[in-house]
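Student: Chains as they are written, first to last, in the numbering used here: chain B, 1463 to 1916; chain G, 5 to 507; chain S, 48 to 470.
This is the structure, below, for whatever I ask next.
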Amino acid sequence: MTNINDPSDASSADKMPAEEAELQEATAAATPGSPASAWAPEGPDGGRGRSLGQQFLYNLWAANTVTVTVLAIVLALLIGAVLIIVSDEDVLATFGYVFARPGDALSESWLVVSDAYANLFKGAVFDPSAVGAWIRGEGSWRTVFGPISETLTYTTPLVFTGLSVALAFRGGLFNIGAQGQAIIGVVLTGLVGFLLPLPPVIHLLVALLAGALGGGLWGFIPGFLKARTGAHEVINTIMLNYVAIYFLSWLIIQRGVQNPNRTDAISKPVDSSAQLPRLLGSDLRVHAGILLAVAATWAVAWLLNRSTFGFELRAVGGNPDAARTAGISVTGTYIGVMAVAGALAGLGGANMVIGSTANALTPLVAAQIGFDGILVALLGRVRPWGVALAALLFGALRAGGNTMQSVSGISLELVTVLQALIVIFIAAPALVKAIFQLRAARAARLQTSMAKGW
Amino acid sequence: MANDHIDLVVEPGEIHALLGENGAGKSTLMNVLYGLLQPDEGEILIDGRPLQIRSPRDAIAAGIGMVHQHFMLVPVFTVAENVMLGAEKVRGGVAGFLDHRRARKEVADVSTRYGLRVDPDAVVEDLPVGIQQRVEIVKALTREVDLLILDEPTAVLTPQETEELLLVMRSLKAAGKSIVFITHKLGEVKAIADRITVIRRGRTVGTADPTASRDELAALMVGRSVILTVEKGPASPGEPVLDIAGLVVDDDRDVRVVDGVDLTVRAGEVLGVAGVQGNGQTELVEAIMGLRPIIDGTVSLGGQRINGWPTKRVLHAGVGYVPEDRSVDGLVKEFSVAENLVLDIYDRPPFGKGLALNPDAISEAARARIAQFDVRTSSADALVSTLSGGNQQKVIVAREMSRPLKLFIAAQPTRGVDVGSIEFIHRRIVHERDIGTAVLLVSSELDEVIGLADRIAVMYRGRILAIVNPDTPREEIGLLMAGITAAEATGAAAGDTGTGELA
Amino acid sequence: MTVDEVAARPAARGFWTRGRKAGAVLLPIGLLGAAVFGALATDQPARLTLSEDAGGAALAVPGTLGAILFGLLAAAAGGVLLSGAVERWFTWLLGVGVVGFVLSFLCWQISDAPAGQNFMPMVNMVRGTFLLALPLIFGALAGVLCERSGVVNVAIEGQLLMGAFAGALVGTITASVWAGLAAAAVGGAFISLLLAVFAIRYLVDQVVIGIVLNLFAVGLTGFLYERLMQTDQQAYNQPPHFGAWRIPLLSDIPVIGPAIFRGSIFLYLALILVVVIQVGLFRTRWGLRTRSVGEHPTAADTLGVRVLGLRYRNVLLAGAVAGIGGASYTLLLYSFTKNMIGGKGFIALAALIFGRWSPTGALLAALFFGFADQLGAYLGAINSIIPSQFLAMLPYLATILAVAGLVGKVRAPAADGKPYIKG
């Protein structure tokens, strides 16, 4: 009755492990540790037997991480340009007669977009006219380094929160609570900063330590709850973010904390002895926090790849069952990962009140660094140095966005849109690949995602 | 490629057995037939007409039903809800209100017609496995299938449940349904099939009659006449190493699955635990390893009580452990071969000291193990997921045997592993025994247990029914696996010759 | 929550049933309430007036006595739970305990209020509770629709925000509330569409894409707000508002009538949606298939259910529902402001979880959270010493306790968050 004559090479998962690996990556049904494999050595299709130059070109166009990142940025900027155009009434007016005189619409559009992005660049990297002035001896070097200084200032806290999210990610946990951890960190750092009378260097160290402890505690809670009750860390970290926000807004209007000279919600200022020193003089805001950030990146990289704790963390992130069977304490690792991740985010928070961004606690003192940290971690493909670079990009966008807002009058919110879009495209390399018709190759391996339920 | 130019013809009203080893490509073939996978070449003819089956929907429309190896039941739904899903009886027009009354009646009708008793209002996750399988069959029958595919239906059943299933299959056949019966158990095939197609490595290697002898079928299935003879000398048991007394363990759902087990394994012997899967073997081993809480009783290692020890301490006390499901419990897929080789000793010198790892020592050791255990991999740094199943298993065995052991526990050590690797792993186990390690072998493959063990403990419903010699007749062990002790068997065996073979 | 089995060993077995655990918490805090609130309360009567002000009929209890009695009631409920005698009445006893504790607290607060303010207007409280719960109900229902079909929705915040924005923009431009409402649904569905495409088509982790979409929505609406709305409020941000609809007969019921049945279209819509989705999920073909796709998509697929299609449909529907919820801001009370949802989407997520992924549960949780919010406002008005910030934390803390298993077991659909890949 039924006649089958079918050769099929459809692979069945546990019978063809090599294909299974492909499938896993292609589908991103990967476990939390999969970000690691995004950086695995080139697969067999990586173009053996080619010259170095060919290999480079091949990799470049075979949708590798760098290409996808660059293209994601390009796509985001394009969409941003469209937003600038459609939200500009003058330009829209020219589109009213676009069929009569298309040149008008195009040139107007080009004008407003190029002006915006030029200012974004000037505010983030350097302003050619300032450089020219410096060379001619008319301006100071400080003006030239101003944009870089701003970029690094915004970069610093993002490195910490990005590392926080990335570290947890590698351990199989999604730390959406970097925001709350940063807030508790900034609170404790701030309190130490204006309540404890300590000598200069010690005061700074104690303030930083307090920030790390505060964040660590706020990370420990969801880690502990996950380990002991199985409560999902995504839910608990989200909830704890808001608990932290309300705690902060309550605390800063308490007597002894609130600035007695002010009626609004702001704390006393942090003593100068607890402030991170500025690196390029008092005119430029870049401070020693960036050095700490680099050190933290190195430390996290070492911890992940060269330490027993990192081994446990990655094993648990990759396959908690196998880790447990091999005698690794999964619950202990969860708690440890979250505590360390929290401490990192807490340090990021500390930077917000003893760096040069602000020197007193306000309800918004931690800004969005925790949420931005999630984007930074994803953009950095949850690898420490990748995170540092991603933080640099986001810092540059933020610094440039300020200039863009003040000079071109384009809302700073555009930067948020750009950041979100970049990460959306990064997270779906298959989409980027499809848009740019890239060679198939390893696009699927670029998945930064992990698929797991609540 | 899992299927390579396979031909299969099923006649109306016949039970057609598809026989093949684990991994031969049987399930892949049936998934193609059921529209879950698409063939690259070839065609499917129903009643002589070619038919494209792109999805299960097409398969159902063509009168094909399938009972999957892993049941396709929604655990939180009732039986009736599971049965009607996808073919709901509704009223109220576009709103589509479910008609539970008609659904229940449908279940009841099919139940009585084919003798498949199920309670339509029971929630599926509360039902025992055998009944869940019945629900699956009911589900297919309510869809008026002409061809029913049963994928390894007896893997999870007790011999009694298997008997009942065979009865159901006969009544379906009597009703004119065709059945494709996928299995690797020879006894069942001989008991029920009208025709047999044997598949090996994705190819049909022949068809046979149920009258063919076990040896003929086995030879067709594995490709050579010798199945499993492990060369080993007599054991010289020493001191007791593992002592289990009155052990009681619950499973994840708090059901008592190990219920007062006493067991001793001596140095230099292999104690095999035989039994149908799901009779508490898994939980027994997990309890020894500290992976599952012990409710009552004691476990001692070399005279020292190890109840409540964390897994790490048990491992470091000289226990090697090959877990039964390598992809779940044995390996971290995102790790390299080298990293997997130190998964449970990464924090011990020379691999780790304090907080620091020593990558050089890890890769050096990995190279040595890869050579010693004949692991086929492109390099020690390759991801373990790029290896074949047999080589993945060898990585685990290499890891667990690479330190001095008092006790070696192997649970299903050769499941889903190619023949070459099976032989290699068996030789290593015997070697471990010969150097004086106590070995506890748990396997649901009776042949493997008989071939390797020096003593065989038969486990049934959480208890050790008997401990027998490996030269005990298969039939007797088979009866024990079905819960029938020797005394009872003398009375019952006369009337029933089939049961023993079914194991 | 499909938490890894390793970590998910239920802490309580045997003796410590959920009833006993809840009782062990309830008994001491009930006694504590009786002692502390009783001591702090004054002899002023605490009056719960059945109107919008101090006048009219009222339930009056002497402060001290009420605080002690209600505290003891909570403790008694806890005691019964702890005894383990009547496990079947768990929900009711827990309810009595919580309500008793809250009343004990209120007796203290009301009797301790400044002179002449020793009353709590019930109509205001109920109305405020429902008003504050509105976006939570819509948001949580959006969550139910998504997650019951296996797609995690943490983008509720973004969907609400986009709905509020689109409602305000289109409502203003067309000068029509109905066009605004439709646009709000489309706006919410737009964020949902992105969620669906990236989660289902491109298999991006659903929590990741949800979080990113929230930021995207904040940025997009913030950008357009600053570029368009701020420069020309008249043209872009003066949305028309829905008025109150009075339901005949029902609106004459004391307290509930004026509080609920003289409400807005949004309130009625929310209540209707709760009923429709509850019935739909558990009594219709669509619901059976939706739940099967959320629990075991492979099983559904083998029975011919179109898994991905159903997921797309439900996720889009969810976005539309959340979008309408967002419009309850801009088409009812306010005009659009930047980031005006301010975390309500995450409380909605909390309500979804607290309500155990069921529409009615979500409604109750949303009302509970709305009440906490309204209570904060009331206590602020009577100059209570209880900081409103701590009341605002209540929903979040309650959710943490709930997922930690202290208030019974919460169980998400089994396939929630897992992409479905054929074969």
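Note that CB positions come from ideal geometry on N, CA and C, so glycine has one too.
With a threshold of 8 Å, are at least 3 pairs of Cβ atoms found where one atom belongs to the stretch 1660-1673 of chain B and the other to the stretch 1876-1891 of chain B?
Tutor: The stretch 1660-1673 of chain B, when compared against the stretch 1876-1891 of chain B, does not touch it at the 8 Å Cβ threshold.
Student: Applying the criterion that 16 or more other CB atoms from any shown protein chain within 10 Å of the CB defines a buried residue, is residue 249 (chain S) buried or exposed?
Tutor: Result: buried.
Student: Can you find a C-beta in chain B that's less than 7 Å from the C-beta of residue 169 (chain G)?
Tutor: False, the Cβ-Cβ gap to chain B never drops below 7 Å.
Student: Determine, for residue 1539 (chain B), whether the minimum Cβ-Cβ distance to residues of chain S falls below 7 Å.
Tutor: No - not a single Cβ of chain S is within 7 Å of the one on residue 1539 (chain B).
Student: So the candidates are S:107, S:143 and S:148; which of them puts its Cα closest to the Cα of residue 77 (chain S)?
Tutor: Among S:107, S:143 and S:148, the Cα nearest to that of residue 77 (chain S) belongs to S:148.
Student: Nearest-angstrom Cα distance between residue 369 (chain S) and residue 284 (chain S)?
Tutor: About 20 Å.
Student: Give the DSSP bridge partners of residue 357 (chain G), in chain order.
Tutor: Per DSSP, G:360.
Student: Answer with yes or no whether the minimum CB distance from residue 355 (chain S) to chain B is below 7 Å.
Tutor: Chain B, which has no Cβ nearer than 7 Å to the Cβ of residue 355 (chain S), makes this no.
Student: Entirely within the stretch 1772-1826 of chain B and at least 4 residues each: give me those alpha helix (DSSP H) ranges in chain order.
Tutor: The stretch 1772-1826 of chain B contains these whole alpha helix (DSSP H) runs: 1782-1787 and 1792-1816.
Student: With H, G and I counted as helix, E and B as strand and the rest as coil, what does DSSP make of residue 165 (chain G)?
Tutor: Looking at residue 165 (chain G) - three-state DSSP - the assignment turns out to be helix.
Student: What does the alpha-carbon distance come out to for the pair residue 446 (chain G) and residue 480 (chain G)?
Tutor: Answer to the nearest angstrom: the Cα atoms are 19 Å apart.
Student: Could you tell me if residue 464 (chain S) is buried or exposed, where buried requires 16 or more neighbouring beta carbons within 10 angstroms of its beta carbon?
Tutor: Under this definition residue 464 (chain S) is a buried residue.
Student: In angstroms, rounded to a whole number, what distance separates the CA positions of residue 1716 (chain B) and residue 1700 (chain B)?
Tutor: Computed Cα separation, rounded: 26 Å.
Student: Hey, which unbroken runs of the beta strand (DSSP E) at 3 residues or more fall wholly within the stretch 102-180 of chain G?
Tutor: Counting only runs of 3 or more, we get 151-155.
Student: Would you call residue 254 (chain G) buried or exposed, if buried means 16 or more other Cβ atoms sit within 10 Å of its Cβ?
Tutor: Per the 10 Å Cβ criterion, buried.
Student: Count the other CB atoms within 10 Å of the CB of residue 1985 (chain B); is the residue buried (16 or more) or exposed (fewer)?
Tutor: It is not possible to answer for residue 1985 (chain B), since the shown part of chain B is limited to 1463 through 1916.
Student: Which same chain residues, not among the five before or five after residue 435 (chain S), have their C-beta less than 7 Å away from its C-beta?
Tutor: So the qualifying residues of the chain are 423, 426 and 427.
Student: Anything in chain S within Cβ reach of residue 76 (chain G), meaning under 8 Å, just list it in chain order.
Tutor: Residues of chain S passing the Cβ test: 343, 345, 346, 349 and 350.
Student: Just to confirm my understanding: we take residue 18 (chain G), look at its own chain, exclude 5 residues before and 5 after, and list those with CB closer than 8 Å. What are they?
Tutor: Contacts found: 177, 182, 183, 198 and 199.
Student: Looking at C-alpha atoms only, which residue of G:221, G:93 and G:471 is the closest neighbour of residue 203 (chain G)?
Tutor: Ranking G:221, G:93 and G:471 by Cα distance to residue 203 (chain G) puts G:221 first.
Student: Taking 7 Å as the threshold (beta carbon to beta carbon), is residue 1790 (chain B) in contact with chain A?
Tutor: Structure shown: chain A not included; protein chains present are B, G and S.
Student: Check whether the Cβ of residue 229 (chain G) lies closer than 7 Å to any Cβ atom in chain S.
Tutor: A caution first: residue 229 (chain G) carries a pLDDT of 40, below 50, which makes its placement in the model too unreliable to give a value.
Student: May I ask you to list the residues that DSSP assigns as paired with residue 1729 (chain B)?
Tutor: BP columns for residue 1729 (chain B) point to B:1720.
Student: Closer than 7 Å by beta-carbon distance: list the chain G residues that pair up with residue 330 (chain S), in chain order.
Tutor: Within 7 Å Cβ-Cβ: 101 and 102.
Student: For the ligand HEM, is there any heavy atom lying closer than 6 Å to the beta carbon of residue 170 (chain G)?
Tutor: No copy of the ligand HEM appears in this structure; indeed no ligand is present at all.
Student: Is it right to say residue 281 (chain S) is buried, meaning 16 or more other beta carbons lie within 10 angstroms of its own, or is it exposed?
Tutor: Label assigned to residue 281 (chain S): exposed.
Student: As a quick exercise: from S:334, S:295, S:209 and S:378, pick the residue whose alpha carbon is nearest that of residue 260 (chain S).
Tutor: It is S:209 whose Cα lies nearest to the Cα of residue 260 (chain S).
Student: Give every residue of the same chain whose Cβ lies closer than 8 Å to the Cβ of residue 1595 (chain B), excluding the five residues on either side of it in the sequence, and list them in chain order.
Tutor: The residues are 1601 and 1605.
Student: Is the stretch 228-244 of chain S in contact with the stretch 442-452 of chain S, if contact means three or more CB pairs nearer than 8 Å?
Tutor: Segments in contact, no.
Student: Give the DSSP-derived three-state secondary structure of residue 137 (chain S) in the structure shown.
Tutor: In the structure shown, residue 137 (chain S) sits in a helix (DSSP, three-state: H, G or I).
Student: Can you tell me the Cα-Cα spacing of residue 396 (chain G) and residue 189 (chain G), whole angstroms?
Tutor: Going from the Cα of residue 396 (chain G) to the Cα of residue 189 (chain G) covers about 25 Å.
Student: What is the C-beta distance between residue 385 (chain S) and residue 272 (chain S), in whole angstroms, given that I count them as a contact (C-beta under 8 Å)?
Tutor: The pair is a contact, with the Cβ atoms about 5 Å apart (cut-off 8 Å).
Student: For residue 512 (chain G), return the contacting residues in chain B, with the cut-off set at a CB-CB distance below 8 Å.
Tutor: Here chain G has residues from 5 to 507 only, and residue 512 (chain G) is not among them.
Student: Taking DSSP as the reference, what is the three-state secondary structure of residue 1512 (chain B)?
Tutor: With a pLDDT of only 47 at residue 1512 (chain B), under the threshold of 50, the placement of this residue in the model should not be trusted; the figure read from the coordinates follows. Residue 1512 (chain B) falls in the coil class under three-state DSSP.
Student: What are the boundary residues of the alpha helix (DSSP H) that includes residue 283 (chain S)?
Tutor: Its alpha helix (DSSP H) spans residues 280-283.
Student: Check whether the Cβ of residue 153 (chain G) lies closer than 7 Å to any Cβ atom in chain S.
Tutor: Judged by the 7 Å Cβ criterion, residue 153 (chain G) is not in contact with chain S.
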